Structures are given as structure tokens and as C-alpha cells.
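Read through the structure below, which is laid out as C-alpha cells, and then see the notes.
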Amino acid sequence: MPPALHLELTGHRWDLGRAACDAWVSVDVASCTASILNLCMISVDRYLAITRPLTYGVRRTARRAWACIGAVWLLAALISVPPLLVLGNEHGTPEVPKCLVCQNLAYQLYATLGAFYIPLVVMLSMYWRIHTAAKKVVEAEHKARPGPRTRSLRVAVRERKASITLGIILSAFTVCWLPFFAFALVRPLGGTPLPELAHSFALWLGYANSALNPVIYVTFHHDFRRAFRDLLCLRCGRRSAGKRRSEGASMNGAAGALLCAVNNNHPSWA
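Just so you know, we're using our numbering here: the sequence shown kicks off at 647 and counts up by one.
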């Protein structure tokens, strides 16, 4: 973000040299891609937690969490490295130096599909399946153990809250990143240049999503609140296997369970 701020303050003129430009672009693309892919991984984790509650707690191990983290960063590297090693980034002219990621159309198609459009489709699919599966689970639970009206109301409130949370997560992700990746596809086509102000707005809106995600998850997921609190306190209490399996069956606790599993001995997952 500091180099992006430098560009804003200098009117999009890059005065830090080509090497610094290439390094910043590669790190920026990798970090943004990893952030998006982490959200995609969390959506898959939630889907498995709600649809396979009996096996989720057993199979969710720190080793597998590390494997997922490694896969995310490997994919991020595969998207960020080609301009650095092969294709080259946009550096402008000696008179008007600039710093922009490679504008090759084939690369932009490859990068935007891998970093945004495919993860977006996966997230939409996973969250829709989660919503459908959770609704069925709640209905089955209610039919199997009918209780007083207060219990029915509590179940309805829980289902509604989960649906609202999923809607907020997807809406924030789509609204924040769609303009940037739409511009990324349009810019290499040429034609009328896009206003720099529009590009800057789209870029910083995408950055804002990374700031919104912790707020959304912590606000709407009690397990995330506990996990982040434990992480900040440099501790994360170990839970019994039975309790972890029970939490794995809860829709609201699925992502928090994964986060705590990683935080038992490892750094934060998202």
C-alpha cells in the first residue's frame, strides 16, 4: 500500500526505479490474490463443515490447514511471477516513468480468472450450497425434536443471522473487487483510456476489502471473535475432540474452527 500511496501523491509518476516497481507489483499481486483465495478456501471449509459434520472435526488437522495455506500461496505465486520473470511490467518512458502490472491481454485473462472470477464462482456456489444445506439441517432438527415456541423462534433467528452474514460477506467481496478486475480486463483492450481517478478508486476499494473482512467475521461470528482474541493474547485454548466436532457441525463456527486449528501452533489463516 505505501508504494500505491506514493503513486497517488506523485500523480502516478514512478520515481523509485524499475527494480522497486517489479518487486512491488509482484508482492502486491501475490498478496491480493492470496487474500482472495483465502476467502475461497474458507468458503470450502464451511461447506465441508456443514455437509460433513461427522468427519470434519477428525479430518481438520493443522497439517491439512498448512497444506491449504501452501496451496494458496503457490497459486498466488503462479499468478504474480510471470510478469517478473517473463512478460515484464509497464515502466513507461524515461521522461514519464510509471509502474503498472503487465498489460498483455492473455496474461490479464489468466490472472483475473485465477485471482477473482473463478474464486468468485466457487464462493457463490459454496455459500449457496451452505445456505441450502443449513436450512435442511435446521428443518430436520426442528422436526425431530419439536419444542416450545421460544425454541422455534431461536432456531429461526439463528438461520436468519447465518443467511445475513453470508450475504454481507459475498456482497462486500464482490462490491470491493469487481470494479478493479473489470478495469483489469478493459485496460489491455486499448481504446479510450480509463480515467486515472477511476482506476485509483477501484484499487483502493479492493484494498478496503482486506480491512472489512476481519470486521465482518468478528462482528458476526462468535468463534472468530474468540479466535482473534486468543491470537492477540498469544494463546488459543485447546478444545476436546468432541467439542471441536460439535462446533464443526455449527454453520457459524465452521470458519472459526479452522482458524483455531491453525492458531493452535501456527500463524493466522486469513
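Glycine included, every Cβ here is placed at the ideal spot set by N, Cα and C. If you're wondering where the values come from, they're calculated on a predicted model, not measured in any experiment.
For residue i, is the classification buried or exposed, using 16 other Cβ atoms within 10 angstroms of its Cβ as the cut-off for buried?
| i | result |
| --- | --- |
| ARG710 | exposed |
| THR679 | buried |
| CYS879 | exposed |
| GLY894 | Any reading at GLY894 must be qualified, since the residue scores a pLDDT of 41, below 50, and its modelled position is unreliable; the value itself is stated next. Under this definition GLY894 is a buried residue. |
| TRP774 | exposed |
| GLY703 | buried |
| VAL718 | buried |
| SER886 | Note that SER886 has pLDDT 44, beneath the 50 cutoff, so the model's placement of it is unreliable and the number below is only indicative. Burial call: exposed. |
| PRO765 | buried |
| ARG795 | Here the model assigns ARG795 a pLDDT of 49, short of 50, so the residue's position is not dependable, and the following value carries that caveat. Exposed: under 16 other Cβ atoms inside 10 Å. |
| ALA780 | buried |
| ILE951 | As shown, the chain starts at 647 and ends at 916. That puts residue 951 outside it, with no answer to give. |
Considering only C-alpha positions, which residue in the set the options is nearest to residue i?
| i | options | result |
| --- | --- | --- |
| ARG692 | VAL768, GLY738, HIS658, VAL732 | VAL768 |
| PRO841 | PRO648, VAL742, HIS658, PRO649 | HIS658 |
| VAL864 | ILE815, LYS744, GLN749, CYS686 | ILE815 |
| LEU831 | VAL671, GLY716, GLY760 | GLY760 |
| ILE776 | PRO699, CYS714, ILE764 | PRO699 |
| VAL943 | PRO740, VAL747, LEU720, GLY716 | Since the first residue shown for the chain is 647 and the last is 916, residue 943 is missing from the structure and cannot be characterised. |
| CYS920 | LEU812, GLU741, THR778 | Residue numbering for the chain in the displayed model covers 647 to 916; residue 920 lies beyond these limits and cannot be assessed. |
| THR697 | PHE827, ALA713, THR778, LEU720 | THR778 |
| LEU653 | VAL690, CYS745, PHE827 | CYS745 |
| PRO729 | ALA695, ASN684, LEU694, ALA669 | ALA669 |
| VAL734 | ARG664, GLY836, LEU655, THR701 | It should be noted that the sequence gives Gly, not Val, for residue 734. Per the Cα distances, ARG664. |
Report the CB separation of residue i from residue j in whole angstroms; it is logged as a contact under 8 Å.
| i | j | result |
| --- | --- | --- |
| GLU736 | GLN749 | 6 Å |
| PRO676 | ALA752 | Checking the displayed sequence, the identity of residue 676 turns out to be Ala instead of Pro. The Cβ separation is near 19 Å, so there is no contact. |
| PHE762 | ILE688 | Not a contact, Cβ separation roughly 16 Å. |
| SER672 | SER726 | 5 Å |
| PHE827 | THR739 | That pair is no contact at about 27 Å. |
Can you list, in chain order, the residues of its chain with a C-beta nearer than 7 Å to that of residue i? Leave out the 5 residues immediately preceding and following it.
| i | result |
| --- | --- |
| ALA818 | ASN855, LEU858, ILE862 |
| PRO743 | ARG659, TRP660, ASP661, HIS737 |
| PRO825 | ALA848, LEU851 |
| LYS782 | none |
| TYR756 | none |
Less than 6 Å between C-beta atoms, sequence neighbours within five positions excluded: which residues of the same chain meet that for residue i?
| i | result |
| --- | --- |
| ALA666 | none |
Let me check one thing: in DSSP terms, what residues is residue i bridge-paired to?
| i | result |
| --- | --- |
| PRO699 | BP columns for PRO699 are empty, so no partner. |
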